[in-house]
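Heads up: the structure comes next, in structure tokens.
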């Protein structure tokens, strides 16, 4: 299992809408995540900085392939089309990233 975390900004005027959408994530989106071996997925909000922090656990063997399957899924793409305009990617993210990846520096069981 690999723990993965990411961060992105959010438009402060869209936080309520983003929160409402995520209170009822579409079942097909959740199913695609599960089939791509992503579990224990959480998103946290930090205010007043207006940052979203995501965490999940990847339990598969080929993250690149599983991530590509998520990105190719039409329902997930529709979900991203709703959520994406609310997000504010960090200027310092790596090329090709939307949510900026974080490096784990500590973990305790």
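Residue numbers (the working numbering): 18 to 126. C-beta atoms are modelled at their ideal positions from N, C-alpha and C, and glycine is treated no differently.
- By the CB criterion at 8 Å, residue 95 and residue 54 fall outside the cutoff.
- Shown here, residue 125 sits in coil according to DSSP, grouped into three states, outside any helix or strand.
- Spanning the alpha carbons of residue 92 and residue 115 requires a straight line of approximately 18 Å.
- Bridge pairing for residue 23: 71, 118 [DSSP].
- For residue 47, the three-state secondary structure derived from DSSP is helix.
- Excluding residues up to 5 positions away in sequence, nothing lies with its Cβ nearer than 8 Å to the Cβ of residue 113 in the same chain.
- A contact is defined here as three or more CB-CB pairs under 8 Å, and the segment 71 to 78 meets this definition with respect to the segment 20 to 38.
- Contact between residue 67 and residue 29 holds, with the beta-carbon distance rounding to 5 Å and staying under 8 Å.
- Counting only the Cα atoms, residue 125 lies some 34 Å from residue 90.
- Within the DSSP secondary-structure output, residue 32 pairs in no beta bridge.
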